[in-house]
Each structure stands twice: as structure tokens, then as C-alpha cells.
Amino acid sequence: MAARIIFPAVIALLAVMYGWIAQGYPSMSLEEGFGPGLFPAIIAAVVGALAVAEVIIQSVRATRSNEQFTGDDLPQVSISLREFVATCGLVLLVVATVIAIRHIGFIPAASALVFVLSTAMGVRPIWLSAAASAVVAFTAHLIFSGLFGLVLAF
Amino acid sequence: MEPLLNGLIQGLQPLTLLLTAVGVVLGLVIAAIPGLTVSLAVVLLLPFTFYLPPSPALGMLIGVFVGGMAGGAISAVLLNIPGNPASIITTRDGYPMAKKGRADHALGIAFLASILGGTFSLLVLCLIAPQIAKFALLFGAAEQAMLVLLGLTLVAGFSEGSMIRGLISAGLGLGIAMIGLDPITASARYTFDTVEMQQGISFIPVMIGMFALPVVIETMVRTRSQPLPPVIPISNALLGVRQAVASLKQLWPCIFRSSAIGTTIGAVPGTGSAIAAILSYQYAERLSKNRDIEFGKGNPEGIAAPEAANSAMTGGALIPMLILGIPGDPVTAVMLGALLIQGLTPGYTLFSDSAEIVYGLFASFGISLVLLTLIGLLGVPLFVKVIRIPARVLMPTIVLLCIIGSYALQNSVLDVWVMLAAGVLAYYMRRWDYPVLPLLLALILGKIFETQFRMSLIIALGDPLIFFKKPISMVFVLLLVAFLVWTIRREFLTSQDASWSSSESSSPLPSNAHEEKGK
Numbered sequence: 012m013a014a015r016i017i018f019p020a021v022i023a024l025l026a027v028m029y030g031w032i033a034q035g036y037p038s039m040s041l042e043e044g045f046g047p048g049l050f051p052a053i054i055a056a057v058v059g060a061l062a063v064a065e066v067i068i069q070s071v072r073a074t075r076s077n078e079q080f081t082g083d084d085l086p087q088v089s090i091s092l093r094e095f096v097a098t099c100g101l102v103l104l105v106v107a108t109v110i111a112i113r114h115i116g117f118i119p120a121a122s123a124l125v126f127v128l129s130t131a132m133g134v135r136p137i138w139l140s141a142a143a144s145a146v147v148a149f150t151a152h153l154i155f156s157g158l159f160g161l162v163l164a165f
Numbered sequence: 073m074e075p076l077l078n079g080l081i082q083g084l085q086p087l088t089l090l091l092t093a094v095g096v097v098l099g100l101v102i103a104a105i106p107g108l109t110v111s112l113a114v115v116l117l118l119p120f121t122f123y124l125p126p127s128p129a130l131g132m133l134i135g136v137f138v139g140g141m142a143g144g145a146i147s148a149v150l151l152n153i154p155g156n157p158a159s160i161i162t163t164r165d166g167y168p169m170a171k172k173g174r175a176d177h178a179l180g181i182a183f184l185a186s187i188l189g190g191t192f193s194l195l196v197l198c199l200i201a202p203q204i205a206k207f208a209l210l211f212g213a214a215e216q217a218m219l220v221l222l223g224l225t226l227v228a229g230f231s232e233g234s235m236i237r238g239l240i241s242a243g244l245g246l247g248i249a250m251i252g253l254d255p256i257t258a259s260a261r262y263t264f265d266t267v268e269m270q271q272g273i274s275f276i277p278v279m280i281g282m283f284a285l286p287v288v289i290e291t292m293v294r295t296r297s298q299p300l301p302p303v304i305p306i307s308n309a310l311l312g313v314r315q316a317v318a319s320l321k322q323l324w325p326c327i328f329r330s331s332a333i334g335t336t337i338g339a340v341p342g343t344g345s346a347i348a349a350i351l352s353y354q355y356a357e358r359l360s361k362n363r364d365i366e367f368g369k370g371n372p373e374g375i376a377a378p379e380a381a382n383s384a385m386t387g388g389a390l391i392p393m394l395i396l397g398i399p400g401d402p403v404t405a406v407m408l409g410a411l412l413i414q415g416l417t418p419g420y421t422l423f424s425d426s427a428e429i430v431y432g433l434f435a436s437f438g439i440s441l442v443l444l445t446l447i448g449l450l451g452v453p454l455f456v457k458v459i460r461i462p463a464r465v466l467m468p469t470i471v472l473l474c475i476i477g478s479y480a481l482q483n484s485v486l487d488v489w490v491m492l493a494a495g496v497l498a499y500y501m502r503r504w505d506y507p508v509l510p511l512l513l514a515l516i517l518g519k520i521f522e523t524q525f526r527m528s529l530i531i532a533l534g535d536p537l538i539f540f541k542k543p544i545s546m547v548f549v550l551l552l553v554a555f556l557v558w559t560i561r562r563e564f565l566t567s568q569d570a571s572w573s574s575s576e577s578s579s580p581l582p583s584n585a586h587e588e589k590g591k
């Protein structure tokens with residue numbers, strides 16, 4: 012339940028910061044052509060108000076749910092450790108791949124990415140996973156670099 | 073007639089024809105594999121379109137769309153697992169029919185209904201779209217601004233979760249769209265004094281990340297899930313088609329009605345194919361005269377209705393995307409991206425200046441349906457094998473394509489980071505019931521909305537009543553207010569019902585009630 016309150020609260024906070032930055036841009040007069048600050052200020056105000064409304068709605072629901080079970084109001088929304096690890100793992104892997112492409116080239120780095128990910132997802136046997144990874148990386152290079160002329164140097 | 077013929081010539085060009093066929097096959101295969109969706113297939117093919125001329129690029133995407141809508145039925149019938157959200161309702165009658173040893177017949181009905189539904193929506197598209205496009209000529213800055221606002225609100229209101237969350241999502245998209253140079257004065261906003269950010273956040277990497285990475289993360293999280301149930305074997309696909317054709321006499325009212333529902337629902341931004349399928353199933357259940365077999369136990373109309381509707385949705389969804397630049401669902405959002413990358417702007421000018429491309433798209437749509445008939449029906453034994461492929465085997469390749477695809481747009485590593493951030497954000501937004509389509513749509517339309525909104529105010533010398541003084545703009549505002557009131561009332565009544573039912577029963581709902589609601 013906490014995530015349902017924390018997420019809109021974070022958005023409300025971001026909206027305040029967004030609106031505050033928008034104050035630094037020339038804004039509202041006709042002489043200034045309804046400047047670049049007008050629209051961001053409107054967006055910040057609307058999103059901020061909606062986010063605060065959502066925080067209030069979810070807080071009320073949370074209070075009610077402590078009093079009585081309300082059936083479908085309470086799906087499991089907490090982040091499991093498994094989800095957190097999967098997300099962080101994927102982010103790290105992509106970042107590492109982009110950095111590796113700069114140093115060791117596209118095919119080895121992409122092969123490593125596909126191999127690590129497929130092994131983590133339970134593809135067995137390992138040798139098959141490794142061979143398939145090399146084929147996938149080589150084919151991607153062949154299509155994008157060879158056929159389309161994309162420089163995969165990152 | 074001449075533009076249609078020119079379009080047909082475009083559609084029959086060897087490269088366009090080949091890529092349309094590739095699209096249909098990929099759509100069928102990807103939608104048939106449980107866990108992979110049509111929007112994922114389309115977004116993964118998007119980077120390839122950067123290097124293609126417009127007609128082959130759009131032909132490939134429409135091929136995926138048509139093939140994907142039909143392909144979802146394969147796993148729905150043979151595995152009881154919907155290949156895409158639109159096929160959820162197909163499982164109710166498709167799987168029971170297959171379990172009775174009539175899998176061939178069930179698949180035959182599903183494909184036939186898909187082909188007829190798609191054909192119906194194509195005809196509507198060809199007849200109506202050019203007429204509405206002429207009407208869109210009357211739109212000035214105020215009308216366009218209010219139209220975009222109405223489109224965003226519709227998408228936010230019809231998306232999953234509450235409308236407030238949909239609107240917050242749209243607001244986030246608009247906020248991100250403001251990053252970069254202001255479209256009127258060219259002042260830098262939210263760029264943090266970096267040159268890279270001055271171009272703004274491109275919606276292509278955001279789209280790739282938001283549609284593809286959540287699927288990867290979900291698959292990673294449930295890697296060690298239960299194995300798939302056994303696939304029900306099929307004996308003779310062609311016999312199934314013959315049986316389906318024979319039963320057409322009884323099914324045609326249902327297919328025609330469902331096609332009309334699918335096309336209409338598809339034309340309303342944000343509604344989606346699942347709603348079209350469910351609504352047409354409900355109508356079929358209510359109005360059916362074929363009650364030899366109960367609905368939910370293998371009634372042929374229970375398969376024909378959702379499949380005709382979800383295929384008919386394709387043509388309907390193209391109407392607002394091509395004419396107004398407002399995509400109705402994720403797939404047309406990607407197609408809009410493909411159009412913009414090709415330097416084409418949706419609207420009436422598209423129909424006048426680039427008629428051969430628009431009618432080429434219509435022709436490719438028709439060709440996709442013909443190819444679906446050939447490939448879909450003859451290739452059923454192959455697709456039966458394909459649905460056994462675990463989605464996780466394909467995930468590493470999908471991640472690699474995401475990296476290349478986001479980088480390929482402008483050879484920028486920043487786009488890869490944007491794709492990654494968008495993917496993680498989309499995963500947790502879905503997890504907490506925030507729809508991602510409004511964000512994406514707002515990001516695509518944000519600059520247009522802002523430009524037209526501010527231009528209207530400048531033209532009206534700062535008078536905000538300009539939006540109420542112009543008749544068409546006024547109609548859009550009234551529709552917007554009516555929709556907001558209707559949605560708020562609907563959500564209020566739903567929450568009242570929920571609290572009433574919970575106070576009636578002190579015990580938790582039975583588990584099957586939750587499952588039913590989920591469907």
C-alpha cells in the first residue's frame with residue numbers, strides 16, 4: 012500500500028520542483044508571446060494537484076482497509092526482492108554492455124550480454140547458450156552494420 | 073479511385089510485398105508465443121524502418137498488426153493462454169471446443185473471423201478516412217489544441233486504473249515533452265545547460281523501453297514459473313477451415329456485428345482491442361440464436377465474436393492516427409512514430425500530399441489480410457510448434473535489439489539511457505496500476521499541443537475564451553467535459569459498489585471471483 016502513496020507523493024514533489032524551475036523562464040504576458048514558462052507552469056500545477064489528490068485517495072483507502080477488508084482494493088503492490096534484483100541486474104547489464112562496446116567492440120560485448128542474460132534466464136546447456144549468443148550478436152551486427160550501415164561504436 | 077490504384081501499385085512493389093509478408097509471419101509467431109505481445113513485435117521492428125522507404129516500412133508494421141491480432145488466438149485455443157490481451161475472451165470458448173477434439177474447427181473459425189473482421193474495417197477505413205480528413209481541414213490552432221487535449225483525456229480515462237492515474241501519466245509525458253528548446257521562442261528548458269538535452273527527449277527510445285523492457289523484467293521475475301500446459305494437437309487445419317466456412321451461414325450476423333463494434337471501438341483513442349473483444353462477446357452471448365452449445369463451453373460464436381472484433385479494431389485505430397495524429401492504441405502509437413520518422417505528418421495533408429503512401433498503407437493492409445489467409449491457415453502446424461518456445465529464450469535478443477534500436481535513431485548513447493530509464497519507469501508504473509500509454513501519447517503530442525495552445529492565445533490577444541468561441545473547438549471542450557463527468561461518475565459508482573459488496577460480506581471474495589474480474 013505504501014508504494015501507492017509514495018509514488019504519487021514523489022510525483023507531487025517533482026511537480027513542485029518542475030514548477031519552481033519554470034518560474035525562471037519568461038512567462039505569462041502577451042508581449043512575451045506567452046513565453047516558454049507558461050506551459051510548464053500549467054503542467055506542474057495540474058500534475059501536482061492530481062498527485063496530491065491521489066495521495067489523499069490512497070491514504071483514505073489505506074485507513075479504511077485497516078478497518079475492513081475491501082476485496083479488490085488491495086492487490087499486492089509491494090516490490091518483491093526478486094523484482095528489485097531483476098530490475099537492477101538488467102540496468103547494470105545494459106550499462107556494462109554499452110561501456111564494453113566502446114572498449115572491446117560490438118560483437119564480443121553483445122555476445123556477453125546475450126550469454127549472461129540467457130544463462131540467468133535458465134537457458135541450458137551452457138555451450139548452446141554461448142553458441143546462440145555469438146550467432147545472435149553476429150547476425151545483429153551483420154544486419155545493422157553490414158546492411159544498414161549503422162556504426163555500432165557507441 | 074486513382075489514389076487507390078496507385079496505393080495498390082505501391083503495396084505490390086516487391087520489397088513492400090516481401091516485408092508485409094515478413095510482418096504477417098512475425099506478428100503471427102510473436103503473438104502466438106505466450107508472454108509476447110503485438111506491441112512488443114511492432115516496437116522491435118521500428119528501428120528497421122529507419123532504413124526503409126515509407127511504404128515498405130508501413131507495410132511491415134501493418135503486417136505485424138494484422139498477423140498479431142490473429143495470432144493471439146492460436147495459444148488461446150490450443151493452450152488456454154491468450155497470446156495477446158485481445159484473445160483473453162477467446163479462451164472461454166476456444167479451449168473448451170479444442171478439448172472436445174475440435175481444435176481445427178476452432179482455429180478455422182478464429183482465423184476466418186479475423187480475416188472478415190479485418191476486411192470490414194479496411195472497407196470502413198477506405199470509405200470514411202478521406203471524408204473525415206477533409207473535415208479536419210477546418211481545424212485551426214484552437215481546434216487542434218482542444219482535439220489533442222480531448223485525445224489525451226480519452227486515453228487517460230479509458231486506460232487501466234483510475235482516471236486520475238491516467239491523467240498523472242499524461243502529465244508526466246507532457247512534462248518530459250517540454251525538455252529541450254521551446255518550439256516558439258527556441259529558449260532552452262530543463263536542459264541543465266547540456267547540448268545533448270537541447271534536442272529534447274525523443275519518444276522513440278521511450279517507446280522502445282516502455283513496451284519492451286517491462287516484458288523482459290516480468291519474464292526475469294517469473295523465470296522459474298510453472299511449465300506450459302500440454303498443447304492440444306490438431307489433425308487437419310484445412311478441414312477446420314472448411315468446417316468454419318460451412319458454419320459461416322450461422323456465424324455471419326455475429327461476425328458482422330462484432331466487426332462493427334471492433335471498428336467503432338478501435339476509432340476511440342485509448343479503448344483498445346481487449347474492450348472491443350469483450351464487448352462483442354457480451355453482445356454475442358445476449359443476441360445469439362445458436363444455443364446448441366452453451367457460451368463458455370465451446371460455442372463457435374464465442375470464438376468468432378472476439379476474434380472478428382479485435383481484428384476489426386486495426387482499421388478503426390488507424391482512423392484517428394492517420395487523420396488527427398492521435399493513435400488509438402500502442403501499436404498505432406508506434407506506427408505514428410514510424411510516420412514521423414519518415415518525415416510525414418498525419419492529417420489531411422497526408423491524404424493530399426502523400427496519398428500514395430496512405431493508400432499504399434491501405435493496400436498493404438488488404439494484402440496482409442490475403443497473406444494472413446494463406447500463411448495463417450497453411451502455417452498452423454508450424455505455429456503449433458512455435459507456441460512451445462518459452463518466451464525467456466527470446467528475451468536476451470529483445471534486450472540487444474532495444475539497445476541497438478534506441479541507439480540507431482541518432483547514434484546517441486543518451487537515447488540508450490533514456491530507453492533504459494523509460495523501461496524501468498514503465499515496469500513500476502504498470503505494477504502500481506499507472507497506464508503508460510497516456511505518458512507516451514503526451515510525449516509524442518506534447519510539442520504540438522503546446523505550440524497550438526500558445527498560438528491560439530497569441531492570435532486571440534491573450535483571451536482564453538478563444539477555445540469556447542470557435543464552434544468546433546467548443547464541441548471538443550463540451551465532449552471533454554462530458555467525458556470527464558461520465559468517467560468520474562462511473563468510477564464513483566464502481567467504488568460505491570465495491571464498498572457496498574465488501575460491507576455485505578465479511579469474508580474475502582472467493583478466488584475465482586478475482587480471476588473473473590481480472591479477465
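Which chain is which? The protein sequence lines are R and F, in order.
The opening position of the first sequence corresponds to residue 12 in the working numbering, with each subsequent residue numbered one higher.
The opening position of the second sequence corresponds to residue 73 in the working numbering, with each subsequent residue numbered one higher.
Even for Gly, the Cβ is constructed at its ideal location relative to N, Cα and C.
Buried or exposed: residue 160/R, going by 16 or more other Cβ atoms within 10 Å of its Cβ? Taking the first residue of the first sequence as 1, we reach residue 160/R at position 149. Here residue 160/R is exposed, its C-beta having fewer than 16 other C-beta atoms within 10 Å.
Please list, in chain order, the chain F residues whose beta carbon lies closer than 8 Å to that of residue 47/R. The residue given as residue 47/R occupies position 36 in the first sequence. Going along chain F in sequence order, the residues near residue 47/R (Cβ under 8 Å) are 254, 256, 257, 259 and 261.
Take the Cβ of residue 561/F as the centre, count every other Cβ of all protein chains shown within 10 Å, and call the residue buried at 16 or more, exposed below. Taking the first residue of the second sequence as 1, we reach residue 561/F at position 489. Under this definition residue 561/F is an exposed residue.
Beta-carbon neighbours of residue 145/R, restricted to chain F and to distances below 7 Å: If you number the first sequence from 1, residue 145/R lands on position 134. In chain order: nothing, as chain F lies at least about 12 Å away.
Please confirm if the segment 463-475 of chain F is in contact with the segment 101-110 of chain R, defined as three or more CB-CB distances below 8 Å between the two stretches. yes
Quick check: is the beta carbon of residue 132/R nearer than 8 Å to any beta carbon in chain F? One-based indexing of the first sequence puts residue 132/R at position 121. Under the Cβ distance rule, residue 132/R counts among the residues neighbouring chain F, one pair being separated by less than 8 Å.
Have a look at residue 162/R and residue 59/R and give me their C-alpha separation to the nearest angstrom. Your numbering for residue 162/R matches position 151 in the first sequence. Your numbering for residue 59/R matches position 48 in the first sequence. Roughly 42 Å separates the two Cα atoms.
May I ask you to report which of helix, strand or coil DSSP gives residue 363/F? In the second sequence, residue 363/F corresponds to position 291, counting from 1. Residue 363/F falls in the coil class under three-state DSSP.
Along chain R, in chain order, which residues have C-beta atoms closer than 8 Å to that of residue 164/F? Taking the second sequence and counting its residues from 1, the one referred to as residue 164/F is at position 92. Neighbours of residue 164/F on chain R: none; closest Cβ ~21 Å, over 8 Å.
Could you check the C-alpha separation between residue 105/F and residue 522/F for me, to the nearest Å? Here residue 105/F corresponds to residue number 33 of the second sequence, with the count starting at 1. Here residue 522/F corresponds to residue number 450 of the second sequence, with the count starting at 1. If you take the alpha carbons of residue 105/F and residue 522/F, they lie about 41 Å apart.
Can you confirm whether residue 129/R, when its beta carbon is compared against all beta carbons of chain F, has any partner nearer than 8 Å? Walking along the first sequence from the start, residue 129/R turns up at place 118. Interface residue, yes.
Neighbourhood of residue 417/F by C-beta, 8 Å cutoff - its chain only, sequence neighbours within 5 removed: Counting from one through the second sequence, the residue named residue 417/F turns up at place 345. For residue 417/F, where only same-chain residues beyond five positions count, the Cβ hits under 8 Å are 397 and 411.
Where residue 253/F falls: helix, strand or coil (DSSP): Position 181 of the second sequence, counted from the first residue, corresponds to residue 253/F. Reduced to three states, the DSSP call for residue 253/F is strand.
If contacts are defined as beta-carbon pairs under 8 Å, then residue 327/F and residue 188/F qualify, I think. What distance do you get, rounded to the angstrom? Along the second sequence, one-based indexing puts residue 327/F at 255. Along the second sequence, one-based indexing puts residue 188/F at 116. A Cβ-Cβ separation of about 5 Å places residue 327/F in contact with residue 188/F under the 8 Å criterion.
Between residue 22/R and chain F, is there a C-beta pair that is closer than 8 Å? Against the first sequence, residue 22/R aligns to sequence position 11. Judged by the 8 Å Cβ criterion, residue 22/R is in contact with chain F.
C-beta neighbour in chain F for residue 115/R, strict 8 Å: By 1-based counting over the first sequence, the position of residue 115/R is 104. So no, residue 115/R is outside the interface.
Segment limits, alpha helix (DSSP H) that includes residue 325/F: Position 253 of the second sequence holds residue 325/F. Looking at the DSSP string, the run of the alpha helix (DSSP H) that includes residue 325/F is 320-339.
So which residues of chain F does residue 32/R contact, with C-beta pairs closer than 9 Å? For the purposes of this step, residue 32/R is taken as residue 21 along the first sequence, with counting starting at 1. By Cβ distance, chain F contributes 261 and 262.
Looking at C-beta atoms only, is the number of pairs between the segment 371-379 of chain F and the segment 162-169 of chain F that lie closer than 8 Å three or more? yes
So what does DSSP say about residue 214/F, is it helix, strand or coil? In the second sequence, residue 214/F corresponds to position 142, counting from 1. It is helical.
Min CB distance residue 63/R to chain F below 8 Å: As a working mapping, residue 63/R is identified with position 52 in the first sequence. By this cut-off, residue 63/R is not an interface position.
Thinking residue 91/F and residue 132/F are a contact (beta carbons under 8 Å), I'd like their distance in whole angstroms, please. Start at 1 with the first residue of the second sequence, and residue 91/F comes out as number 19. Start at 1 with the first residue of the second sequence, and residue 132/F comes out as number 60. Rounded, the Cβ-Cβ distance is 4 Å, consistent with contact.
Alpha helix (DSSP H) segment containing residue 74/F, residue limits: By 1-based counting over the second sequence, the position of residue 74/F is 2. Note, residue 74/F: alpha helix (DSSP H), 74-83.
Among the residues of its own chain, which have a CB less than 7 Å from the CB of residue 271/F, if the five just before and after it don't count? Your numbering for residue 271/F matches position 199 in the second sequence. The residues are 252.
By a C-beta neighbour count over all protein chains shown, 10 Å radius and 16 as the cutoff for buried, is residue 364/F buried or exposed? Working through the second sequence from its first residue, we reach residue 364/F at position 292. Residue 364/F is exposed by the Cβ-count criterion.
The segment 171-190 of chain F in contact with the segment 312-319 of chain F per 3-pair CB rule at 8 Å: yes
Would you kindly work out how many angstroms separate the C-alpha atoms of residue 206/F and residue 420/F, rounded to a whole number? To locate residue 206/F, count along the second sequence from 1; it is residue 134. To locate residue 420/F, count along the second sequence from 1; it is residue 348. Looking at the backbone, the Cα of residue 206/F and that of residue 420/F are separated by about 6 Å.
Of all the options 317/F, 390/F and 308/F, which has the alpha carbon lying nearest to the alpha carbon of residue 173/F? Sequence index remark: in the second sequence, residue 173/F carries index 101 (1-based). Ranked by Cα distance from residue 173/F, the first of 317/F, 390/F and 308/F is 308/F.
Counting only beta-carbon atoms, is residue 165/R nearer than 8 Å to chain F? Numbered from 1 along the first sequence, position 154 holds the residue referred to as residue 165/R. It does: the Cβ of residue 165/R has a partner Cβ on chain F nearer than 8 Å.
For residue 118/F and residue 240/F, I'd like the C-alpha separation in whole angstroms. Looking up residue 118/F in the second sequence gives position 46. Looking up residue 240/F in the second sequence gives position 168. Going from the Cα of residue 118/F to the Cα of residue 240/F covers about 27 Å.
If the criterion is Cβ atoms closer than 8 Å, does the pair residue 479/F and residue 285/F meet it? Locating residue 479/F in the second sequence gives position 407, where the first residue counts as 1. Locating residue 285/F in the second sequence gives position 213, where the first residue counts as 1. For the 8 Å CB-CB criterion, residue 479/F and residue 285/F do not form a contact.
So for residue 85/R, helix, strand or coil by DSSP? The count along the first sequence starts at 1 and reaches residue 85/R at position 74. Any reading at residue 85/R must be qualified, since the residue scores a pLDDT of 47, below 50, and its modelled position is unreliable; the value itself is stated next. Three-state result, residue 85/R: coil.
Would a check of beta-carbon distances place residue 119/R closer than 8 Å to chain F? On the first sequence, residue 119/R is found 108 positions in, with the first residue counted as 1. Not one chain F Cβ lies under 8 Å of residue 119/R.
On the criterion of 16 or more Cβ atoms from any shown chain inside 10 Å, does residue 176/F qualify as buried, or is it exposed? Looking up residue 176/F in the second sequence gives position 104. It is buried - the Cβ of residue 176/F has at least 16 other Cβ atoms within 10 Å.
Where residue 67/R meets chain F, residues with beta-carbon distance less than 7 Å: Counted from its first residue, the first sequence places residue 67/R at position 56. Under the 7 Å cutoff, chain F gives no residues; its nearest Cβ is about 10 Å from residue 67/R.
Mind checking if residue 513/F is an interface residue toward chain R, Cβ cutoff 8 Å exclusive? Counted from its first residue, the second sequence places residue 513/F at position 441. False, the Cβ-Cβ gap to chain R never drops below 8 Å.
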